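Number of protein chains: 2
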Amino acid sequence: MKVAIAQLNYTVGDFEGNKSKIIDSICKARDKGADLVVFAEYAISGTPCFDLLHNAPFLEACEDTLHEIAKHCDNISVLVGLPIQNDNRIISAAALIQNKWVVKYIGKQRISSRFDNMGCISMSAGSEHIEIKDNVLEVAIGEDIKDYRKFGGECDMIISMRSQPFFRGIIEQRHNFHRNMAKELGKNVVMVNHIGGQGDFVYDGSSCAYTNDGKLVGLLNNFAEDFFIVDFDNALELEFPVQNRTYNTYRAIKLGLGDYFRKNGFKKACLGLSGGIDSAVVLAMAAEVLGAENVRVLMMPSRFSSDHSVNDSVEMAENLGVKYNIVPIADAYDAVNSSLKETLGDTKFDVTEENMQARLRMIMLMALSNKHGYIVLNTSNKSEAAVGYGTLYGDESGSIGIIGDLYKIEVYALARFINRERTIIPDNIICKAPSAELRPDQKDSDSLPPYEVLDAILYRFIEEGQEIEEIITAGFDDEIVHRVVELVKNSEYKRRQTPPPLRLSSRPFSSHFIMPLINKFKM
Amino acid sequence: MKVAIAQLNYTVGDFEGNKSKIIDSICKARDKGADLVVFAEYAISGTPCFDLLHNAPFLEACEDTLHEIAKHCDNISVLVGLPIQNDNRIISAAALIQNKWVVKYIGKQRISSRFDNMGCISMSAGSEHIEIKDNVLEVAIGEDIKDYRKFGGECDMIISMRSQPFFRGIIEQRHNFHRNMAKELGKNVVMVNHIGGQGDFVYDGSSCAYTNDGKLVGLLNNFAEDFFIVDFDNALELEFPVQNRTYNTYRAIKLGLGDYFRKNGFKKACLGLSGGIDSAVVLAMAAEVLGAENVRVLMMPSRFSSDHSVNDSVEMAENLGVKYNIVPIADAYDAVNSSLKETLGDTKFDVTEENMQARLRMIMLMALSNKHGYIVLNTSNKSEAAVGYGTLYGDESGSIGIIGDLYKIEVYALARFINRERTIIPDNIICKAPSAELRPDQKDSDSLPPYEVLDAILYRFIEEGQEIEEIITAGFDDEIVHRVVELVKNSEYKRRQTPPPLRLSSRPFSSHFIMPLINKFKM
Chain W
667 MKVAIAQLNY TVGDFEGNKS KIIDSICKAR DKGADLVVFA EYAISGTPCF
717 DLLHNAPFLE ACEDTLHEIA KHCDNISVLV GLPIQNDNRI ISAAALIQNK
767 WVVKYIGKQR ISSRFDNMGC ISMSAGSEHI EIKDNVLEVA IGEDIKDYRK
817 FGGECDMIIS MRSQPFFRGI IEQRHNFHRN MAKELGKNVV MVNHIGGQGD
867 FVYDGSSCAY TNDGKLVGLL NNFAEDFFIV DFDNALELEF PVQNRTYNTY
917 RAIKLGLGDY FRKNGFKKAC LGLSGGIDSA VVLAMAAEVL GAENVRVLMM
967 PSRFSSDHSV NDSVEMAENL GVKYNIVPIA DAYDAVNSSL KETLGDTKFD
1017 VTEENMQARL RMIMLMALSN KHGYIVLNTS NKSEAAVGYG TLYGDESGSI
1067 GIIGDLYKIE VYALARFINR ERTIIPDNII CKAPSAELRP DQKDSDSLPP
1117 YEVLDAILYR FIEEGQEIEE IITAGFDDEI VHRVVELVKN SEYKRRQTPP
1167 PLRLSSRPFS SHFIMPLINK FKM
Chain L
667 MKVAIAQLNY TVGDFEGNKS KIIDSICKAR DKGADLVVFA EYAISGTPCF
717 DLLHNAPFLE ACEDTLHEIA KHCDNISVLV GLPIQNDNRI ISAAALIQNK
767 WVVKYIGKQR ISSRFDNMGC ISMSAGSEHI EIKDNVLEVA IGEDIKDYRK
817 FGGECDMIIS MRSQPFFRGI IEQRHNFHRN MAKELGKNVV MVNHIGGQGD
867 FVYDGSSCAY TNDGKLVGLL NNFAEDFFIV DFDNALELEF PVQNRTYNTY
917 RAIKLGLGDY FRKNGFKKAC LGLSGGIDSA VVLAMAAEVL GAENVRVLMM
967 PSRFSSDHSV NDSVEMAENL GVKYNIVPIA DAYDAVNSSL KETLGDTKFD
1017 VTEENMQARL RMIMLMALSN KHGYIVLNTS NKSEAAVGYG TLYGDESGSI
1067 GIIGDLYKIE VYALARFINR ERTIIPDNII CKAPSAELRP DQKDSDSLPP
1117 YEVLDAILYR FIEEGQEIEE IITAGFDDEI VHRVVELVKN SEYKRRQTPP
1167 PLRLSSRPFS SHFIMPLINK FKM
């Protein structure tokens, strides 16, 4: 039996575009002799849909599109994902099309966790087996595949239709999961996933197929559309390539950032270039993805900025051929301070004035955005967001976070990767000690543990869900661990208002790691 | 049988405080001869806990607290809610304590929608009947009560333990639901709910009891702690009072705002007073709840502000005895503009300069906040948030939104309620045409339909989930409806970054009404 896997980049609500991609792949699959072509979960609608799933015209458009697709399905069986309404529940389902008719819907059974369901309460009467050319197939939608040990009855093949976003390590995990499942059940396995950026979500694709003894016989592109036909009667074993996590992160950002602009119809981006590593990495990615001619940067020195901050930034902008302006903020800073003199009284320089600088920079960037249509890219990283080391409505602003789900040490790794062939980010930016430059001679290490320590603690606490005692037992300083965890707890209010970051980890803030706004628990 | 209902204001993670309230009520109930005392779902932990539910020490603290409470439970049965871990799932459960021992856990069965579960994946082996003094009781946790028609077997009484937040109309709905259930099943019913503010959540209490023929025999306070013993063998029928929605909204805001400050250990608040209705209402509420001496306001006129804006604001601040400063923003505005001259080029006044004013005001308020510890109150309303008529990082800033879940017409109703006995908000503020005053002679009605029309369309679209065609059929202008819905769709990116509003409706933004960040669907 020949199964075609169509791994496509859909757009939420773009029914014409999604339909035409789907029909093209159906024709291609039939022309190449496939018996069945499989598309991802939510292929027709795109995903995540959030509350569009509760919008009746949206659901009708899904169904109408399905029936238009069906007209093109002669001489081939088709499995395609879409949300359907059934008994007042919205279900993620697969439609089976044969001889131009929708002959069956297979609904998702498992209610996903709040992290997966994206607004879709999915519960159906139960999945069913389908038969294609004397092969019995069991179809699992989305997270249902996790329950494969409960799958009932005899079948020859398991079809897994997914919309599983990328995160650090998922590509290897997914491969191992499907290979082990194929071996354990002794069934052929086909998995079809989304690829593409969809707001803060990035889907990596990596669709795959395994024979009933666990041999990899199909592996589609990561981070790109792809099409592949598995001939299970005559399949070659493939090798699963070693994954480079930094390279995968790089490609995830390229895809996510590119699709955010393309699918929203945006062209131009701007950001503030501080001379630090974070904004340098964001600029490098933006110039690569959007083209240097579509990116503008502002250098906005205050009186606490070092000369090298502007010089390094200018060097980088000129290297890339990105248009830049130097907009000193000292005059605006003085004007604000002088207006506030009576209100604030006679006080010393403190975090107030630090934040004021960051917020004035936001005003400059947003003015450029409002006036000339540049989308402001947020340059915060996950380490800062975790401990609240950033200014709300200041550097924590922008339309979307490019590196907001990367710890500082991952940002450094990405910087070195960007410079792998030639120096795009000046060495000086990579080598200098991190500083917010909001007061004289400030260094991040004045307020925070070194990033190697901070990130290690945060990774254990946030990504791995370790407890404080576990982290201390692993060798970290008691007092530092408690301080870091307290900072994480107390900066939730900032994270509720920061730009959504491209999701690159399994625990992005604001969806997968949420603290209450009131929390008396001493963790 | 005598059942005591303890309706208490818990705090998330305050195990000592919650425990001591619970023990006090147990003693009181025993002293007054109750056979059973019932507390709310999540009484021991407080709610919502979000990812604290996945923190093992937090769950251990819940259990430890339960066992300390149990020591005080002689000569009375106790039902108290807490999260427990069972088979790798976190379950919202009730513990039954008898003779100082935890004799049984009853787990929540239903998996709530993403709106209810607050991070808790709740699925258990099934609820059970319990027996107290020859009475058989069926205990339902949280949303499980919605499935009451599926409740099995014989019992004399149904105990519903809830943590149901307030929203417009819920008090009447909840009363009708429980009365009808009691009648339909022919069982006595006891419902116990939380009261209190918990971040952006407000719990209204309104715990109640019904006899098996649907008579109301217990009704506890709204928006305040309360304690009541129902003697089912000897119960008086009570009348369910007519609810005034504006008064309930007023009390919900008082409770939510007060607890936000009290539970977080905050004392002082500040806000910008524009001369418009929104900030006036927020000021009135803040002065009422926190005390005029703990509130500071800034009037921040630009050259587009009318004289009456400052005069009306000063009048109101002086009426209340609230300290104010007038901080003109013209100098800072000129400084920013002059710094940006080269960057922006020679362009006309547009939304850029409008937003700049709003953002400079944010800087002034945040400076006051950072310097002197005043918490900035957000003054945006739901109508603005719905259509994106506000400035991100400008007026859409602050720690928590006080009226962010109220439509503009509800804000007017609240203003009139606030003035019910004496003029707190000057008449002129209530009567003037709404204006952002960000350009000469600007009126909200230049860009938006009149609020009576806008709010009616938004209410149908957002709160009632009506489709565009339905709204048009109801008599609204086709073009206006489409424009409003398009504005709602296109301002999602702003709503992702705005302060959490006190939840006062059944569909607050960012949790109950979410649009994708990329959305090609023409609604």
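Chains as they are written, first to last, in the working numbering: chain W, 667 to 1189; chain L, 667 to 1189.
For each residue, glycine too, the CB sits at the ideal point set by N, CA and C.
The structure displayed is predicted, hence computed values, not measured ones.
Chain W within 7 Å of L/Lys989, Cβ atoms only: no
Complete runs of the beta strand (DSSP E) confined to the region 882–923 of chain W [at least 3 residues]: 882–885, 892–897
Local conformation of W/Ser743 per DSSP, three classes: strand
Determine the chain W residues that contact L/Ser1005 at a beta-carbon separation under 8 Å, and present them in chain order. Val993, Pro994, Ile995, Asp997, Ala998, Met1030
Within chain L, the residues that W/Ala1193 reaches when beta carbons sit closer than 7 Å: With chain W running from 667 to 1189 in the structure shown, residue 1193 of chain W is simply not present.
Measuring CB atoms only, is the region 965–980 of chain W touching the region 1064–1080 of chain W, in the sense that at least three cross pairs come out at less than 8 Å? no
Classification of W/Asp1110 by the beta-carbon crowding that lies within 10 angstroms, buried from 16 upward: buried
Within this structure, are the beta carbons of W/Val947 and W/Ile1069 separated by less than 7 Å? yes
Following the continuous beta strand (DSSP E) through L/Glu1087, name the residue where it begins and the one where it ends. From DSSP, L/Glu1087 is part of no beta strand (DSSP E); its letter is neither H nor E.
Per the contact definition of three or more C-beta pairs closer than 8 Å, is the region 722–734 of chain L in contact with the region 1172–1183 of chain W? no
Since L/His720 meets chain W, which of its residues come closer than 7 Å, beta carbon to beta carbon? Gly1131
Please report how far the alpha carbon of L/Arg755 lies from the alpha carbon of W/Val963, in whole angstroms. 48 Å
L/Phe705 to L/Gln673, Cα distance in whole Å? 7 Å
Between W/Ser1063 and chain L, is any beta-carbon pair separated by less than 7 Å? yes
So, with DSSP's three-state summary, where would you put L/Asp1012? coil
Measuring alpha carbon to alpha carbon, tell me which of W/Asp997, W/Leu986, W/Gly863 ends up nearest W/Lys633. Not covered by the structure: residue 633 of chain W. The range shown for chain W is 667 to 1189.
How is W/Arg755 classed by DSSP in three states: helix, strand or coil? strand
Selected residue, minimal CA-CA separation from L/Arg1162, among L/Gly942, L/Ala1099, L/Phe932, L/Ile1184: L/Ile1184
Would you please verify whether the beta carbon of W/Val1002 is less than 7 Å from any beta carbon of chain L? yes
Just mark W/Gly792 as buried or exposed, buried being the case when its beta carbon has 16 or more other beta carbons within 10 Å. With a pLDDT of only 43 at W/Gly792, under 50, the local geometry of the prediction cannot be trusted, and no value is derived from it.
C-beta atoms of W/Ser873 and W/Ile671 nearer than 7 Å: yes
With H, G and I counted as helix, E and B as strand and the rest as coil, what does DSSP make of W/Lys668? strand
Show which residues of chain L have a CB atom less than 8 Å away from the CB atom of W/Lys929. Ile1184, Lys1186
Nearest chain W C-beta to L/Asn1036 closer than 7 Å, yes or no? yes
So, for W/Phe927: in the same chain, excluding its five sequence neighbours on each side, which residues have a beta-carbon less than 8 Å away from its beta-carbon? Lys933, Ala935, Val955, Leu956, Ile1041
Identify, in the order they occur along the chain, each residue of the same chain with its Cβ nearer than 8 Å to the Cβ of W/Met1022, setting aside the five sequence neighbours on each side. Tyr999, Val1002, Asn1003
Helix or strand or just coil, what does DSSP make of W/Gln1265? Within the shown structure, residues of chain W are numbered from 667 to 1189, placing residue 1265 of chain W beyond reach of any answer.
Let me check understanding here. Comparing Cα to Cα, which of L/Ser1035, L/Met966, L/Phe889, L/Gly938 lies closest to W/Leu1058? L/Ser1035
Under three-state DSSP, which class holds W/His795? strand
Given a cut-off of 7 Å on the beta-carbon distance, is the pair W/Ala958 and W/Gly987 in contact? yes
CB contact flag (W/Met1181, W/Lys1160, <7 Å): no
Per the contact definition of three or more C-beta pairs closer than 8 Å, is the region 1036–1055 of chain W in contact with the region 1011–1027 of chain W? no
Check each candidate in W/His738, W/Ala1081, W/Ala695, W/Ser1063 and name the one with the smallest Cα separation from W/Asp1093. W/Ala1081
May I have a chain-ordered list of the beta strand (DSSP E) segments no shorter than 3 residues that lie completely inside the region 972–1005 of chain W? 989–992
Can you tell me whether W/Arg834 is buried or exposed? The criterion is at least 16 other CB atoms within 10 Å of its CB, across all chains shown. buried
Around the C-beta of W/Val669, are 16 or more other C-beta atoms found within 10 angstroms, so that it is buried, or is it exposed? buried
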